[in-house]
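Participant:
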Amino acid sequence: MDNIEEQMQHDSCESKDSSDASPSTSPPAKKAKTAPLTPDGAVQAQQQLATPPDASLGLPDLPSPNGHSTELCSLPDDELLQVFGFLTREQLLQCRTVCRRFRQLTLHPALWRRISLWNPIRCHLGAATLRVAPCLERLTVWEPDDVVPLGTLLAASSCAVSELHVALDLMDAVLVAVVLARQADLGRLKEVSLTVTSTKVDKKSSLCRLRQLLRQLLSTQGLESIELDLDEKTAALLEAPELDPVKRAVPVPSSLRRLEYFSACKDPYLPLFLKWHAASLEVVKLRCGHPRAAPMLAAMPRLRELQCPVLKDMPALLACRELRSLYLSVSKDASLQLIFPSVAEYLRSAVATIEDLVLDYFEDEGNHSKELDYMEPQPQLRPLAAVVHRLKHLVSLDIGKPSGELLDALDGEFVPNLERLNT
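Take any residue in the sequence shown, note its place counting from 1, add 2, and you have its number in our numbering.
If you want it as structure tokens, here you go:
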């Protein structure tokens, strides 16, 4: 019996093995139907969809909806430029080393037009920026000691800047003139600010350097703003009576909209700036009263803001119909007493159209007081009470020690637009 049972078990195992080895002829089983999503399951699914991906995963490891990789290199050029637009100057320079494509895209001018560089010799990758960047918004050099190494680099650089701000010693004026010429050739220069000081002055050689710098500044086309500030030693060089810059001066097309010119009273270059750019100038700021300034300012149809000392022939400025802001420096210098009546005549007529008027009253250059505070109302302010009722458009009045008559005159009926009074 035992042999018979063993034989039956052996036959059963062989039959099972053969059925597994042979292909099944029975119809395939139907898939089980998915049960409908319960409310709890729907909430759980929404929570999973709202969960952000693991931040530890790198960008290439994140799956994209279409199954493709989301590596940065896979972006089109236009989209990649938008990404590069968020990078700093240092990061753009580092991206140049990734690959040839990045090297080309990171030098796109659109990425550099918004970048400014301050003291490039002293900042990280400053010199490298000037070597490879196609352009910059602003370049500022406020350390005169940096002018020589920077000027040597800029003289051969193709980096075109829109704004150039330089503080220099007069000894380096020729080098800065070369930099100006180079930037003018590159075609993006719109604004120039130069602060010139003199540590050592040799009248003949220093004057030659200064004239070369001013000639280049005068002949640079396309500028919209010039700020020139000469210290006392440098400005004194321009008082030479034999100095005549007009001999070979060729006018450039009018383009200046703003001119801040702080130089000597008899600077022979100032009239050329005022004359050549009369058609476009809107803002003019002068430190000294050039004897020919008023008639030239009167020929500016767009002049809307003027800062200057009292000028000879000032009533001519009544021709400036657009002038709305006047900052007038008044000195007790005895040499100016003769022109005060004409200045008063101009102010009596100009207050009807000027919206912002500042009279800066100070002593002559012999007074070295750093602070001056009047404890009593000044006699120069008493006539103001008699004319304040004519200032119908007066909005703000800042005055040190007003008199009682002036305060009584500041009635809402006479100055209806007055909003602020500082005393």
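Even glycine gets a Cβ: it sits at the ideal position worked out from N, Cα and C.
Predicted, not measured: the structure shown is a model, and the values here were computed from it.
My guess is that Val-168 and Val-149 are in contact by the Cβ rule of under 8 angstroms, so how many angstroms apart are they, rounded?
Facilitator: That pair is a contact at about 7 angstroms.
Participant: What residue range does the alpha helix (DSSP H) around Tyr-348 cover?
Facilitator: Note, Tyr-348: alpha helix (DSSP H), 342-352.
Participant: Using the C-alpha atoms, what's the distance from Arg-140 back to Leu-225?
Facilitator: Going from the Cα of Leu-225 to the Cα of Arg-140 covers about 14 angstroms.
Participant: As an exercise, report each continuous alpha helix (DSSP H) stretch of at least 4 residues that is fully enclosed by the region 193-238, in chain order.
Facilitator: List check, alpha helix (DSSP H) in window: 205-221, 234-238.
Participant: Exposed or buried, what is Ser-200 when buried is set at 16 or more other beta-carbons lying within 10 Å of its beta-carbon?
Facilitator: Buried is the call here.
Participant: Specify, as a first and last residue, the run of the alpha helix (DSSP H) that Lys-268 falls within.
Facilitator: No alpha helix (DSSP H) holds Lys-268; DSSP gives it neither H nor E.
Participant: Can you find at least 3 beta carbon pairs, one from the region 338-345 and one from the region 309-326, that sit closer than 8 angstroms?
Facilitator: As far as the Cβ criterion goes, the region 338-345 touches the region 309-326, which means the pair count is three or higher.
Participant: With C-beta atoms as the reference, is Val-285 less than 8 angstroms away from Glu-307?
Facilitator: It is a contact, given that the beta carbons lie within the stated cut-off.
Participant: State buried or exposed for Asp-79, treating a residue as buried only when at least 16 other CB atoms are found within 10 Å of its CB.
Facilitator: It counts as exposed.
Participant: Would the beta-carbon of Arg-294 fall within 8 angstroms of that of Phe-264?
Facilitator: Contact: no.
Participant: Within 8 angstroms, do at least three Cβ pairs link the region 129-146 to the region 154-172?
Facilitator: Yes, the region 154-172 touches the region 129-146.
Participant: Using DSSP's beta-bridge definition, name the partner residues of Thr-142.
Facilitator: Trp-120, His-167, per the DSSP bridge assignment.
Participant: Just grab the DSSP bridge partners of Pro-311 for me.
Facilitator: DSSP lists Ser-331 as partners of Pro-311.
Participant: Using the three-state DSSP reduction, which class does Ala-130 fall into: helix, strand or coil?
Facilitator: Ala-130: helix per DSSP, three-state reduction.
Participant: Leaving out five residues on either side along the sequence, give the residues of the same chain with a beta carbon under 7 angstroms from the beta carbon of Leu-338.
Facilitator: For Leu-338, where only same-chain residues beyond five positions count, the Cβ hits under 7 angstroms are Val-312.
Participant: Where does the unbroken alpha helix (DSSP H) through Arg-306 begin, and where does it stop?
Facilitator: Counting along the chain, Arg-306 falls outside any alpha helix (DSSP H), and DSSP gives it neither H nor E.
Participant: Give me the Cα-Cα distance between Ala-57 and Val-100, rounded to the nearest whole angstrom.
Facilitator: Low confidence applies here, because Ala-57 scores a pLDDT of 39, under 50, leaving its location unreliable and the question unanswered by this model.
Participant: Assign Leu-325 to one of three DSSP states: helix, strand, or coil.
Facilitator: In this structure, Leu-325 counts as coil in the three-state DSSP scheme.
Participant: For Pro-255 versus Gln-223, is the C-beta spacing smaller than 8 angstroms?
Facilitator: Cβ atoms of Pro-255 and Gln-223: closer than 8 angstroms.
Participant: What residue from Leu-172, Leu-177, Asp-171, Pro-146 has the CA that sits closest to Leu-155's CA?
Facilitator: Considering only alpha carbons, the answer is Leu-177.
Participant: Give me the Cβ distance between Cys-125 and Thr-108, rounded to the nearest whole Å; I'm assuming they're in contact under 8 angstroms.
Facilitator: That pair is no contact at about 19 angstroms.
Participant: Report yes if the CB atom of Asp-358 is closer than 8 angstroms to the CB atom of Leu-330, and no otherwise.
Facilitator: Going by C-beta atoms, Asp-358 is not nearer than 8 angstroms to Leu-330.
Participant: With DSSP collapsed to three states, give me the class of Glu-407.
Facilitator: Glu-407: helix per DSSP, three-state reduction.
Participant: Please report the residue range of the alpha helix (DSSP H) in which Arg-184 lies.
Facilitator: Taken as a continuous stretch (DSSP letters only), the alpha helix (DSSP H) holding Arg-184 covers 175-188.
Participant: In angstroms with no decimal places, state the Cα-to-Cα distance between Lys-277 and Glu-262.
Facilitator: Cα to Cα, Lys-277 sits roughly 15 angstroms from Glu-262.
Participant: Taking buried to mean at least 16 other C-beta atoms within 10 Å of its own C-beta, is Ser-76 buried or exposed?
Facilitator: Exposed: under 16 other Cβ atoms inside 10 Å.
Participant: By the 10 Å Cβ neighbour count, where 16 or more other Cβ atoms means buried, how is Gln-218 classified, buried or exposed?
Facilitator: So Gln-218 ends up on the buried side.
Participant: Terminal residues of the continuous beta strand (DSSP E) containing Leu-423?
Facilitator: Element bounds for Leu-423: 422-424.
Participant: How is Val-286 classed by DSSP in three states: helix, strand or coil?
Facilitator: Strand at Val-286.
Participant: Given Asn-424, which residues of its chain have a CB within under 6 angstroms of its CB, disregarding the five upstream and five downstream residues?
Facilitator: So the list reads Asp-400, once near-sequence residues are dropped.
Participant: On the criterion of 16 or more Cβ atoms from any shown chain inside 10 Å, does Gln-106 qualify as buried, or is it exposed?
Facilitator: Looking at its Cβ environment, which holds fewer than 16 other Cβ atoms inside 10 Å, Gln-106 is exposed.
Participant: Near Ala-237, what residues of its chain come up, given a Cβ to Cβ distance below 6 angstroms and the 5 sequence neighbours on each side ignored?
Facilitator: Counting only Cβ-Cβ distances below 6 angstroms, and skipping sequence neighbours, we find Ser-265, Ala-266.
Participant: Assuming Leu-399 is part of the beta strand (DSSP E), what are its boundary residues?
Facilitator: Counting along the chain, the beta strand (DSSP E) containing Leu-399 begins and ends at 398-400.
Participant: Bridge partners of Leu-361, per DSSP?
Facilitator: In the DSSP output, where bridge partners are listed per residue, Leu-361 has Leu-330.
Participant: Within a Cβ cutoff of 6 angstroms, which residues of the same chain sit near Ala-186, ignoring the five residues on either side of it in sequence?
Facilitator: Result list for Ala-186: Thr-222, in chain order.
Participant: Going by CA-CA distance only, name the one from Asp-335, Tyr-271, Ala-300 that's closest to Leu-212.
Facilitator: For the residues Asp-335, Tyr-271, Ala-300, the minimum Cα distance to Leu-212 belongs to Tyr-271.
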